[in-house]
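K.L.:
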Amino acid sequence: MFRYVPLFGVLWAWLATAAYAQTDYQQPHAPQTIVLKVRPEYRYLCREDGIDEPALKTVLDALQAQPQKIFPHHSPPIATRLQGSTAQNRYRKQADLSLIYEIHYDASVPLPQAISRVLHTGRVEYAEPYFYHRTLEVPNDPLLSSQQSGYLSAVSAYDGWDVSTGDTTVTIAIVDSGTKWDHPDLIDNLQLNYDDPINGVDDDGDGYVDNYRGWDFGGSDYNRVQADNDPATRTPSTNHGTHVGGIAAARTDNGIGVAGMGYNCRFLPIKCASDNDTRAGGSAYIQFGYQGIVYAADHGANIINCSWGGQGFSSFGQDIVNYVTFGKNCLIVAAAGNDGLEQAFYPAAYDYVLSVTATNNTDQKASFSNYHATVDISAPGVSLTSTILQSDTNGYGRSSGTSMASPMVAGAAGIVKAAFPDYDAIQVGEQLRVTADAGIYDLNPQYVDKMGHGRLNLYRALTESKPSVRQLGLRATNEAGSEFLYSGDVVTLDLDFINFLRATTAACQVTLSSADPYVQILSDESTLGIIGSGELVDNSAAPFQIALDPTTPLEREIQFKLTYTDQGYQDYEYFTLLVNQTWLDIAVNQVSTSITSNGRIGYQSYGPGKGLGFQYNDTDMLYEMGLIMANAPNRVASAVRDSTGIEQNDDFIPRELISVLPSTRSDLELGGNFDDGLIDTLPQHLNVSVGYRSFAWSEAPDDKYVIVEYTITNDGNEALEQFYAGLFADWDVSSQGLDRANWESDLQVGYVRDVAEEGKFAAIQLLSPGEATYYAITNGDTGTAPLGVYDGYSEREKYLSLSSGQTYLTAGGTAGEDVSHVVGSGPFSLAPEASVTVAFALIGADNLTDLRQSAQAARQRYTQITPVATTPPADQFRLYPNPSAGTVQVYWPQAAGQTFSAQVMDITGQEVTRQSLRNGQALQLQVPPGVYILRATHGEAIETRRLIVQ
């Protein structure tokens, strides 16, 4: 539930809600619809049905879009400190719903491209698809239809009700497909809004007319949605919410039907689906789930049940959760999903949501239930009897799913809230979580820590008092103090912790562990001591230390487990660290971009995400850029979009990660190398390796470009004839897609410009010797020549655009369109082991004159760049090679002609060898592979280096 890991500086540390989670367009979503949130500094330009910020308005007008606020009745949160301790205010996040819009557009632009244009304005906090969600009910096993499940006994409901039966002052919202509120077993627990009786007038002024019994966001027809004031289930496709509502809130001890877990707690029905919707396999999509959550919180709900969801993180969804949790002090309980997979499922996996997986009648994981480290608690979800809709009578039926497990926990949460009225939303959830029965793992050894703390136990939740210690913050640094973590690093982990419930004792400890084979725990234990409720502590006095294996793969997300122990208390949680990041940023002048280790520029993967894009004066102008190499239509290696247009080709393997290089030639120099080994089993394998460098300067006239250079070597046994190399770039200079591409032949510059009179320019210039090739592309074209890329970018098209000389020099026309281009060089003939160098300047400019001046400066500057030195400067202390197989030359010119001491220690500080050496002499190591520290001493001079043995 409490899954909070803030980013400190540029540390890439996260849990399930990855900071750069990629949008999953395969999930069900509304066509040509975007959810966006405007940045708060543009609030004064936001209307209920329009956005007047010029850059964003231009984009939306070009998309023929109709903006509409999703929450028009909400005001910005009051800019005051939330109630609570200083520690509590570290994690509490107020959310502003007043700037969130739903955008429907009519232009024939693919949704990813439309979203990219919106993001590139820089005026929004996020933009993403409008996702639909599935209810989480599964067909019931007929063999169970006559059995009594005993699920209330399994969760100690009867014993719990002897302690507390809840209270009518606590409301559980059923945000679902609709609920038959007039069912005899439900109507007496219905929460009514006496301030707005049914009279055709909005008596309470909340923007909802006659919302006496809740609200229906979906109406009768999903094609023409018209909300109304009756949240009742009317069709079989929307029956789900009635069954869910009965489990949480059916009237108990009334002599009929079933017993709802919430006993005396009231329920508020909110319908978020349309009556005629059968698109989700015969059931209705939850189209308005997040609107329903907000409505519930705004109308007094203490607990909100969500028995629906989908895969993939959404910033919009997390925003809603933050608003409800911290703005309204309301706990969301949600189902973990029915795919039977180990996966995060949303909204259950969002921070601060209580995630529920399902067990069967014998406390084993239900076969259909998802499981994951983000799950908080389990509850019975197989063959539960509850209220249902029938055509001619009020009835009951059995059903299974995490949809059924979730309202059991929601009902229990209502009783806990009634018993502990001073608990806030997170405390209610934590009380349920830490008192759950962990003994279920004896029956589920293959799912340890993936079914939450244990199975729900209402009696223990009402009678036991335990701590709840959770991680609140993380700082990770290597020996050099850098927050970028790479293979071979020794890393210090400094964490903050908060306790939500009963105070711990002086014996409280936290232990770090990991099952990942690429990490070694050097220091694994910290004593936290006494932590009062709501108090914050850290382990800075005894931080954890880890060592990353020299063979750690790229972009490795290493999972760690924290285990908390105290008198009568044991708990755990997980977090992950990203190591071997494959991109670095260049931001030393008016152009900012990112260079990756996989042949891409701007972004490490498709669309906005990991990387800066290509920003000129803080405006991002890039959608995608990457390297293409080819010598035939079927022999192409690239790092740009594939033939589907949905994914990207990942043909390059980094062999040396990008890093900052010492340089006297520029203000920043980066470099690394990769090869096309990812396609080495395919006919199109070129068998080349690529060493790359990038350079940037901070002073005029060199402050509006960066240079990228590729040295390509033929590693094969055959000559590569008719070989070409170049960059493909899909620019969004104008942000609204009204750009024009052109070619300046004298400077060998291909540029894309905003057609507006004062529009900016983005350009790629060929700097290296060789024949230039240029191909301008109108993205929406569907022909074979000139080609378009909305429908994908095939290998044949890549070769065509790279090898056609200078045939298609313009795109976009006078009015402007969405355009791309390819700037390349060739043909070359590469004999085995031969190399060719191609270099480009990436330029941002205000106008054509400005562009030409920067292009001339870039050409002049490139002629001044000297070849890369193959060894470090002769006057530096250095090790070569490093990593090594155990024999490494130690160069120390300061000790020339004399001996010096070379002490080698392992990462625990234990000496493994000490040798006397002279400058340039080989250090011989007979040690296991790993990371070692070399300490060289000559008189009072000391040099310390990290040494990697492979």
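According to mature numbering (1 follows the signal peptide of the UniProt record, and there is no 0), the residues represented by the sequence shown are -21 to -1, 1 to 929, in order.
Beta carbons are placed, not taken as given, at the ideal position from N, Cα and C, and that holds for glycine.
Between which two residues does the beta strand (DSSP E) carrying Glu536 extend?
P.N.:
Against the sequence shown, residue 536 aligns to sequence position 557. Counting along the chain, the beta strand (DSSP E) containing Glu536 begins and ends at 535 to 545.
K.L.:
Within its chain, find whatever has a CB closer than 6 Å to the CB of Thr530; leave out the 5 residues flanking it on each side and keep chain order.
P.N.:
By one-based count along the sequence shown, residue 530 stands at place 551. For Thr530, where only same-chain residues beyond five positions count, there are no Cβ hits under 6 Å.
K.L.:
Are Ser447 and Phe479 close, meaning C-beta to C-beta below 9 Å?
P.N.:
Looking up residue 447 in the sequence shown gives position 468. Looking up residue 479 in the sequence shown gives position 500. Yes, the Cβ-Cβ distance between Ser447 and Phe479 is below 9 Å.
K.L.:
Below 9 Å between beta carbons: does that hold for Ser833 and Pro680?
P.N.:
Translated into the one-based positions of the sequence shown, residue 833 becomes position 854. Translated into the one-based positions of the sequence shown, residue 680 becomes position 701. Contact flag set, yes.
K.L.:
Within 10 angstroms of its Cβ, does Asn613 collect 16 or more other Cβ (buried), or is it exposed?
P.N.:
Position 634 of the sequence shown holds residue 613. Classification of Asn613: exposed, given that the 10 Å Cβ count is below 16.
K.L.:
Between Ile166 and the rest of its own chain, which residues show a CB-CB distance below 7 Å, the 5 nearest in sequence each way excluded?
P.N.:
Here the question's residue 166 lines up with position 187 in the sequence shown. Trp160.
K.L.:
Can you round the beta-carbon distance between Asp164 and Arg230 to whole angstroms, since I take them to be within the 8 Å contact cut?
P.N.:
Numbered from its first residue, the sequence shown carries residue 164 at position 185. Numbered from its first residue, the sequence shown carries residue 230 at position 251. Rounded, the Cβ-Cβ distance is 6 Å, consistent with contact.
K.L.:
If you draw a straight line from the C-alpha of Arg719 to the C-alpha of Gly467, how long is it?
P.N.:
Within the sequence shown, residue 719 is the residue found at index 740, counting from 1. Within the sequence shown, residue 467 is the residue found at index 488, counting from 1. Approximately 47 Å, taken between the alpha carbons.
K.L.:
Just the Cα atoms here: how many angstroms apart are Val154 and His219?
P.N.:
In the sequence shown, counting from the first residue as 1, residue 154 sits at position 175. In the sequence shown, counting from the first residue as 1, residue 219 sits at position 240. When rounded, the distance between both Cα atoms is 11 Å.
K.L.:
With distances taken between CB atoms, is the gap from Leu649 to Tyr730 smaller than 9 Å?
P.N.:
Taking the first residue of the sequence shown as position 1, residue 649 is located at position 670. Taking the first residue of the sequence shown as position 1, residue 730 is located at position 751. No, these two residues do not count as a Cβ contact at 9 Å.
K.L.:
Can you give, in chain order, each stretch of the beta strand (DSSP E) that sits fully within the segment 547 to 614 and has at least 3 residues?
P.N.:
548 to 558, 562 to 565, 570 to 575, 593 to 595, 601 to 611
K.L.:
Helix, strand or coil: which one does DSSP assign to Gly695?
P.N.:
Here the question's residue 695 lines up with position 716 in the sequence shown. DSSP places Gly695 in coil when its eight states are reduced to three.
K.L.:
For a quick check, are the C-beta atoms of Gly157 and Thr221 less than 9 Å apart?
P.N.:
Counting from one through the sequence shown, the residue named residue 157 turns up at place 178. Counting from one through the sequence shown, the residue named residue 221 turns up at place 242. A contact, by the Cβ cut-off of 9 Å.
K.L.:
Could you check the C-alpha separation between Glu107 and Leu39 for me, to the nearest Å?
P.N.:
Residue numbering aside, residue 107 sits at position 128 when the sequence shown is read from its first letter. Residue numbering aside, residue 39 sits at position 60 when the sequence shown is read from its first letter. C-alpha separation (whole angstroms): 14 Å.
K.L.:
Which value, in whole angstroms, describes the spacing of the CA atoms of Phe740 and Arg831?
P.N.:
Counting from one through the sequence shown, the residue named residue 740 turns up at place 761. Counting from one through the sequence shown, the residue named residue 831 turns up at place 852. The alpha-carbon atoms of Phe740 and Arg831 are separated by roughly 11 Å.
K.L.:
Please look up how many angstroms separate the CB atoms of Ala358 and Ser348, rounded, as I've assumed it's under 8 Å.
P.N.:
As a working mapping, residue 358 is identified with position 379 in the sequence shown. As a working mapping, residue 348 is identified with position 369 in the sequence shown. So it is not a contact: roughly 10 Å between Cβ atoms.
K.L.:
So Gly705 and Leu781 are in contact, right, with Cβ under 8 Å, and what is the actual spacing, rounded?
P.N.:
Locating residue 705 in the sequence shown gives position 726, counting from the first residue. Locating residue 781 in the sequence shown gives position 802, counting from the first residue. Rounded to whole angstroms, the Cβ separation of Gly705 and Leu781 is 5 Å, and the two are in contact under 8 Å.
K.L.:
Take Ser135 as the anchor and find which of Ser814, Tyr754, Arg439, Thr366 has the nearest alpha-carbon.
P.N.:
In the sequence shown, counting from the first residue as 1, residue 135 sits at position 156. Checked all of Ser814, Tyr754, Arg439, Thr366; the closest Cα to Ser135 is Arg439.
K.L.:
Is the distance from the Cβ of Val388 to the Cβ of Leu333 below 9 Å?
P.N.:
The count along the sequence shown starts at 1 and reaches residue 388 at position 409. The count along the sequence shown starts at 1 and reaches residue 333 at position 354. The Cβ atoms of Val388 and Leu333 lie closer than 9 Å to each other.
K.L.:
On the three-pair Cβ rule with 8 Å, is the segment 517 to 532 touching the segment 490 to 503?
P.N.:
Contact between the segment 517 to 532 and the segment 490 to 503 is present, because at least three Cβ pairs lie under 8 Å.
K.L.:
Just list the residues that DSSP pairs Asp475 with in beta bridges.
P.N.:
Indexing the sequence shown from 1 puts residue 475 at position 496. BP columns for Asp475 point to Gly452, Asp517.
K.L.:
Closest to Asp146 by C-alpha separation, out of Tyr23, Asn339, Ala392, Val558, would be which residue?
P.N.:
The sequence position of residue 146 within the sequence shown is 167, counting from 1. Nearest to Asp146 by C-alpha distance, out of Tyr23, Asn339, Ala392, Val558, is Ala392.
K.L.:
Smallest Cα separation from Gly460: which of Tyr105, Thr471, Ile921?
P.N.:
For this step, residue 460 is matched to residue 481 along the sequence shown. Of the candidates Tyr105, Thr471, Ile921, the one whose C-alpha sits nearest the C-alpha of Gly460 is Thr471.
K.L.:
In or out: Ile226 buried (at least 16 other Cβ within 10 Å) or exposed?
P.N.:
The count along the sequence shown starts at 1 and reaches residue 226 at position 247. That one is buried.
K.L.:
Give every residue of the same chain whose Cβ lies closer than 8 Å to the Cβ of Gly433, excluding the five residues on either side of it in the sequence, and list them in chain order.
P.N.:
Here residue 433 refers to the residue found at position 454 when the sequence shown is read from its first residue. Here the set comprises Ile356, Ser357, Ala415, Asp416, Ala417, Gly418, Ile419, Tyr420.
K.L.:
From the DSSP output, in three-state form, read off Asn301 for me.
P.N.:
Counted from its first residue, the sequence shown places residue 301 at position 322. If DSSP states are grouped into helix, strand and coil, Asn301 belongs with the helices.
K.L.:
Please state the DSSP three-state secondary structure of Trp194.
P.N.:
The residue labelled residue 194 in the question sits at position 215 within the sequence shown. Under the three-state reduction of DSSP, Trp194 is assigned to strand.
K.L.:
In whole angstroms, what is the alpha-carbon distance linking Ala675 and Asn898?
P.N.:
Position 696 of the sequence shown, counted from the first residue, corresponds to residue 675. Position 919 of the sequence shown, counted from the first residue, corresponds to residue 898. Roughly 35 Å separates the two Cα atoms.
K.L.:
What is the DSSP secondary structure of Phe463, counted as helix, strand or coil?
P.N.:
Residue mapping note: residue 463 aligns to position 484 of the sequence shown, counting from 1. Coil, per DSSP.
K.L.:
Please classify Ser638: is it buried, with 16 or more other beta-carbons within 10 angstroms of its beta-carbon, or exposed?
P.N.:
Locating residue 638 in the sequence shown gives position 659, counting from the first residue. The residue is exposed, with fewer than 16 neighbouring Cβ atoms inside 10 Å.
K.L.:
Alpha carbon to alpha carbon, how far is Ala616 from Tyr350?
P.N.:
In the sequence shown, residue 616 corresponds to position 637, counting from 1. In the sequence shown, residue 350 corresponds to position 371, counting from 1. Their Cα atoms are separated by approximately 39 Å.
K.L.:
Nearest CA to the CA of Met(-21): which residue from Gln450, Phe399, Met600, Thr878?
P.N.:
For this step, residue -21 is matched to residue 1 along the sequence shown. Minimum Cα distance to Met(-21) is reached at Gln450.
K.L.:
If you run the structure through DSSP and keep just helix, strand and coil, what is Pro176?
P.N.:
Taking the sequence shown and counting its residues from 1, the one referred to as residue 176 is at position 197. In this structure, Pro176 counts as coil in the three-state DSSP scheme.
K.L.:
What do you reckon, are the CB atoms on Tyr201 and Ala152 nearer than 9 Å?
P.N.:
In the sequence shown, counting from the first residue as 1, residue 201 sits at position 222. In the sequence shown, counting from the first residue as 1, residue 152 sits at position 173. For Tyr201 and Ala152, no; Cβs fall outside 9 Å.
K.L.:
Near Thr214, which residues of its chain fall below 6 Å by C-beta distance, leaving aside the five closest residues on each side in sequence?
P.N.:
Locating residue 214 in the sequence shown gives position 235, counting from the first residue. Contacts found: Asp254.
K.L.:
Quick one: what's Gly374 bridged to in DSSP?
P.N.:
For the purposes of this step, residue 374 is identified with residue 395 of the sequence shown, where counting begins at 1. Answer by DSSP bridge pairing, in chain order: Ile367.
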